[in-house]
Amino acid sequence: MNWEELGFKSQKELEESIERVKAAKANPKNDLELRAENRAKFDSTSENGGIDFKGLEEGARLAELDRVVASKLYWEREAEKQKAEQEEISKLMGAVGDNIKADDEAKAKREFEKQKAKADEELQKQIYSKHNVKTEKELEEAETYKSLLNGLNLK
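For what it's worth, the working numbering labels the leading residue of the sequence shown as -12, then goes sequentially.
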């Protein structure tokens, strides 16, 4: 964070504000503590016989700067969360894409093997019929029919 852009007088003042904001977030004050703090401020103005305008202005300035720092820290945390979520989504989308690609490749390979077997069978059939030779499949079919007919015992 740039201390000048945020309205601080120095880098040290910015760091002190950050520490105050972190401490307030870590240990929030309850109503009793806030009332005691306000009472102490009131008593100090009464004891001095008047109002310390410079002190009040400085306190208000620092309180406003603390709110600015708290807001800045909040939005930085939110940006980090959003970035982490976006990275997770990107990672998941990449995994989905990889799965789809792998599925498509497997499907293409199965189809290729199926078409290749079909083409091989057709080519074998053409070549064997050209030379008047039965293919293994045709021989197996003939043997199956023969055994079926023998099993019927037609005499």
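We put the CB at the ideal spot given by N, CA and C, even for glycine.
Start and end residues, alpha helix (DSSP H) containing residue i
| i | result |
| --- | --- |
| N137 | E123 to L139 |
| K16 | Counting along the chain, K16 falls outside any alpha helix (DSSP H), and DSSP gives it neither H nor E. |
| K117 | F40 to K117 |
Residue i versus the options, residue with shortest Cα-Cα distance
| i | options | result |
| --- | --- | --- |
| G166 | R48, A95 and Y115 | No answer is possible for residue 166: it lies beyond the span of the chain, which begins at -12 and ends at 142. |
| K12 | K105, L60, I76 and S134 | L60 |
| R64 | L135, K9, S116 and E130 | K9 |
| E0 | A104, W62, G46 and Y132 | G46 |
| K108 | K41, H118, T122 and N17 | First, the amino acid is wrong: residue 108 is Glu here, not Lys. For E108, the nearest C-alpha among the options comes from T122. |
Check: residue i C-beta below 7 Å from any heavy atom of the ligand COA
| i | result |
| --- | --- |
| E130 | With respect to the ligand COA, the structure shown offers nothing to examine, as it has no ligands at all. |
Quick check: the region 55 to 74 against the region -1 to 6, are there 3 or more CB pairs under 8 Å?
Enough Cβ pairs lie closer than 8 Å, so yes.
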